Amino acid sequence: MAIGGDQGGSIRIPASWCGIVGLKPTFGLVPYTGACPIEITIDHLGPMARTVYDCALLLEVIAGPDGDNDSRQPRNFQVPEYTKTVRFNYGSITTKMYIPTVKKAAV
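Note that UniProt numbering gives residue 95 to position 95 of the sequence shown, counting from 1, and the numbers run on in steps of one.
Now the structure itself:
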């Protein structure tokens, strides 16, 4: 797991190149306090992880107010339990475990 800074794809693009999950959160969901800003309207910090579940778990930890005055965050924001919404379907089994899906390319 890692935290990346995304101003123009710097979480999502490297994640796609490396075969991991990268998420650029909604504006203000994750505080930017302590990070080096480029432009406050496009700066985002977000999770990068091996699976969607791990990404959701890290997002639960880093999202929400941080005690400082981050004007991009709404007051009294409650962080949802993102890991409870992650499900992977494999046949008739629904699990929270990582199950890679491999599809053959059309030739």
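All C-beta atoms, glycine included, are put in the ideal place defined by N, C-alpha and C. Remember, it's a predicted structure, so these values are computed and weren't measured experimentally.
1) Could you pull out every unbroken beta strand (DSSP E) segment of at least 3 residues lying fully inside the UniProt domain "Amidase" (1 to 90), listed in chain order?
2) Do M1 and L57 have their beta-carbon atoms positioned less than 9 Å apart in this structure?
3) Looking at V79 and A63, is the spacing between their C-beta atoms short of 9 Å?
4) Flag this pair as yes or no: are the beta carbons of E60 and T26 separated by less than 9 Å?
Result, derived from the coordinates:
1) Correct list: 2 to 6, 44 to 49, 88 to 90.
2) For the purposes of this step, residue 57 is identified with residue 57 of the sequence shown, where counting begins at 1. For the purposes of this step, residue 1 is identified with residue 1 of the sequence shown, where counting begins at 1. It is a contact, given that the beta carbons lie within the stated cut-off.
3) Numbered from its first residue, the sequence shown carries residue 63 at position 63. Numbered from its first residue, the sequence shown carries residue 79 at position 79. Closer than 9 Å, so yes.
4) Residue 60 sits at position 60 when you count from the first residue of the sequence shown. Residue 26 sits at position 26 when you count from the first residue of the sequence shown. For the pair E60 and T26, the CB atoms are not nearer than the 9 Å cut-off.
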